[in-house]
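This report concerns only the one structure given below.
Right, here's the structure in full:
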């Protein structure tokens, strides 16, 4: 199974209206070349799931500025004024989720769990419309799994079987999203031969990865 | 904060009647020196949480053979006939849990989640007495977090801040248990200086670890 | 007929596709890896925490901390990766295992499986079996058709279940059966047996496929 | 009195114990790291995925992929460790953070905190704040006592909450308040203010501790 693709071959799978997860935290760990390409292709009406909407010129924020999203599901939009503007103008639906809950919801989707039982958000507007559950006298929210059609991941080193090694704080949501989408495409900073990442040090097993773009591709 | 202890200093904290998690899978990744010491001290009436009860001469199994447990919470006892014998004789309480559920229950305790929503066990005797929850028309079990007084962990390399690197399949339950006990003690195959494990490669952050035994200690 | 276990393992191997992530149970299912067709690469998952498991290690060449879920020393394939038990079962429960192959004490026409205990007699524990059967995309039971003549393929399991309604396919030395909404359908039969032979060895209501084929067991 | 932010940061720093894992919010709370007493080692957690965060990086010495949760380039301390966002919040939600220090728009005498939105005006999102306030063992609000004269310490928050009943301590330039079952108790007061000054700047019912101490703000 050869998983290595040109960026064009890989990005062809992203269509208008899809739900797309994008790794990264304020742009750190975001596959910026994929963002470049999506902007060039001008894919529209995306539902974007990520930690935040980055900055106007960095990360997911560039897709917002280019008006390619109809909805975002994130924990924070404060660093990108354009997200707030579109939200207030009714051009963009914004769903805000506590960061740790968002991480667990994506993990739950990848791990086949039916939901997440978390204390976060109890007694706040986050609990509105959510199922609650009492366990040992304490109240928790039941938060549902979050999946996507496509996950766009960034790895520092990726081998040709799709095993990924992340660098420093660029890891963040990437390993979680790699488990929670129908199609997982990774942007490799460095594409390496199988064996160059020690089996102990693989952070995302290649079994989750469908396509790899990087190196000369 | 010096975390390095002699085995004697560390094991003194394990008292009769405590609930103790022990890492490992059929003995691989089990801190055998700690088991040696607990056998020598003959600590009694333990509730032991682990993947399995190992073999009669390896892993947790040695504590069973020496009759130091009153209860075990595990996924499998088939490789240690003595566990079954004590269970049938009414000398040992055995709670059997599906392996993936057990892993998530321990993780949930460490991660501050109120429980685990899993499809595993639905329609089997595992569901007896458990709360069920319907999500999107599918039935799940609500399984509760599992914590311990002490977790006994085995690491291949451990630095003096308690950062742990595991080797091959010896990882298994160790990183999960390191998050889910009041006192976490790690047996280091190799005790190394801070910095010898790259921050990217730490598998259990030292913040979870209270005491380290290894090297000359 | 040839070696029964070999026939079963060979036939199961044909179900596997290139790139499949597969978990093989202890015993007969483990043999399946030996018969994967040329050109098909599968990735074996081991529930104690890795993908890319290779064949059993040669005596004297065991690798430290490298055993399968049964405690047997194994080897690694290129591209292997280790992880903790939560990730191992995230893979299993999350539907990232394309196929799991397990033995059974009993299996029934509704796809129920019992393979983990005989009350009062044998209580080894379910280990990872319940998660595997609930979570894998395709569940294949690989076993001898009967227990020394006593049917194991039943109308309804009497032993405690491993999972309810999760079995997709049963492969025995007599043939191949698939679980459907309509019931249990015999789709392939081994040339050494007649349909009547299979029916006699099966307690379940067996629907005979109108397209009944000969079970392919050649290499 | 001296620099208000410095006074607050210094006093908060005295709450931290050797070995504590601490998460500091953006802005004033970040300053706390500068005043940790001699001999006390704390470990800073950054919700974007690491422990062992060091001071801000010098210009020109930024390290690739090493920023804090506000996107500012930082450095590492010896013994640092990186992890993914699920682990980062397992640490936070699981009670492995000994103390979190945050600012507030409003905080009330029941320990409710509002610091993430002003409806119709400012909706940045809660980021990791809700998890931090629910999960940390000790929640310390560090802020100026009023918003240019308007009380921020209230009987009851009017803005949407970040978390209900989770605040343990409030440190301002006027003093130190602790949230108890009995209510909000003023335990320390800055020497530049009288009890009446503090009461006048506080909307909440303030219980004056019989052991009221001078707020210690020396180095």
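Protein chains in written order, with the working numbering: chain P, 1 to 217; chain A, 218 to 434; chain E, 435 to 653; chain C, 654 to 872. C-beta: ideal position from N, C-alpha, C; glycine also.
Give a yes or no on whether the minimum CB-CB distance between residue i and chain E is below 8 Å.
| i | result |
| --- | --- |
| residue 114 of chain P | no |
| residue 380 of chain A | no |
| residue 156 of chain P | no |
| residue 291 of chain A | yes |
Got a sec, what are the start and stop residues for the alpha helix (DSSP H) residue i sits in?
| i | result |
| --- | --- |
| residue 391 of chain A | 391-394 |
| residue 443 of chain E | 438-447 |
| residue 119 of chain P | From DSSP, residue 119 of chain P is part of no alpha helix (DSSP H); its letter is neither H nor E. |
| residue 697 of chain C | Run containing residue 697 of chain C: none in the alpha helix (DSSP H); it sits in the beta strand (DSSP E), 696-699. |
| residue 841 of chain C | Premise fails: residue 841 of chain C lies in the beta strand (DSSP E), 836-842, not in any alpha helix (DSSP H). |
| residue 708 of chain C | Counting along the chain, residue 708 of chain C falls outside any alpha helix (DSSP H), though it belongs to the beta strand (DSSP E) covering 703-709. |
| residue 100 of chain P | 99-111 |
| residue 82 of chain P | 81-88 |
Under a Cβ-count criterion, where at least 16 other Cβ atoms within 10 Å of its own Cβ denotes burial, should residue i be classed as buried or exposed?
| i | result |
| --- | --- |
| residue 427 of chain A | buried |
| residue 872 of chain C | Residue placement at residue 872 of chain C is poorly supported in this model, since its pLDDT is 49, which falls under 50; the coordinates still yield a value, given next. It counts as exposed. |
| residue 444 of chain E | buried |
| residue 146 of chain P | buried |
| residue 136 of chain P | exposed |
| residue 237 of chain A | buried |
| residue 545 of chain E | buried |
| residue 93 of chain P | exposed |
Going by alpha carbons, who is nearest to residue i out of the options?
| i | options | result |
| --- | --- | --- |
| residue 406 of chain A | A:430, A:417, A:422, A:397 | A:430 |
| residue 863 of chain C | C:842, C:713, C:700 | C:842 |
| residue 826 of chain C | C:781, C:844, C:866 | C:844 |
| residue 458 of chain E | E:498, E:503, E:541 | E:503 |
| residue 386 of chain A | E:506, E:560, E:557 | E:506 |
| residue 460 of chain E | E:580, E:490, E:592 | E:490 |
| residue 88 of chain P | C:770, C:774, C:687 | C:774 |
| residue 268 of chain A | A:388, A:327, A:399, A:262 | A:388 |
| residue 232 of chain A | A:247, A:250, A:255, A:402 | A:255 |
| residue 694 of chain C | C:786, C:669, C:868 | C:669 |
| residue 399 of chain A | A:375, A:343, A:424 | A:424 |
| residue 370 of chain A | A:249, A:282, A:225 | A:249 |
| residue 739 of chain C | C:828, C:701, C:707 | C:701 |
Any beta carbon from chain P within less than 8 Å of residue i's own beta carbon?
| i | result |
| --- | --- |
| residue 717 of chain C | yes |
| residue 254 of chain A | no |
| residue 455 of chain E | yes |
| residue 361 of chain A | yes |
How far does the beta strand (DSSP E) with residue i in it extend, from its first residue to its last?
| i | result |
| --- | --- |
| residue 254 of chain A | That residue, residue 254 of chain A, is in no beta strand (DSSP E); its alpha helix (DSSP H) goes 249-258. |
| residue 543 of chain E | Note, residue 543 of chain E: premise wrong, no beta strand (DSSP E); not H, not E. |
| residue 19 of chain P | 19-22 |
Flag residue i as yes if its beta-carbon sits less than 8 Å from any beta-carbon of chain C, otherwise no.
| i | result |
| --- | --- |
| residue 175 of chain P | yes |
| residue 419 of chain A | yes |
| residue 366 of chain A | no |
| residue 25 of chain P | yes |
| residue 22 of chain P | no |
| residue 248 of chain A | no |
Counting only C-beta atoms, is residue i closer than 8 Å to chain A at any point?
| i | result |
| --- | --- |
| residue 559 of chain E | yes |
| residue 217 of chain P | Here the model assigns residue 217 of chain P a pLDDT of 45, short of 50, so the residue's position is not dependable and the matter cannot be decided. |
| residue 729 of chain C | yes |
| residue 872 of chain C | Its pLDDT being 49, under 50, residue 872 of chain C is placed unreliably in this model, and the value from its coordinates should be taken loosely. Output row for residue 872 of chain C: interface = no. |
| residue 132 of chain P | no |
| residue 481 of chain E | yes |
| residue 19 of chain P | no |
| residue 138 of chain P | yes |
| residue 734 of chain C | yes |
| residue 98 of chain P | no |
Within 7 Å: the Cβ of residue i and any heavy atom of the ligand PLP?
| i | result |
| --- | --- |
| residue 606 of chain E | Absence of the ligand PLP is noted for the structure shown, with no ligands found whatsoever. |
Between the region 375-393 of chain A and the region 173-185 of chain P, do three or more beta carbon pairs fall short of 8 Å? no
Meets three-Cβ-pair contact criterion under 8 Å: the region 563-572 of chain E and the region 531-551 of chain E: yes
For the structure I just gave you, are there three or more beta carbon pairs, one from the region 522-533 of chain E and one from the region 102-114 of chain P, closer than 8 Å? yes
Quick test of the definition: if touching needs 3 or more C-beta pairs under 8 Å, does the region 77-84 of chain P touch the region 54-62 of chain P? yes
For the region 409-422 of chain A and the region 731-742 of chain C, state whether three or more C-beta atom pairs, one from each stretch, are separated by less than 8 Å. yes
Below 8 Å, can you find three or more Cβ-Cβ pairs linking the region 626-643 of chain E to the region 585-600 of chain E? yes
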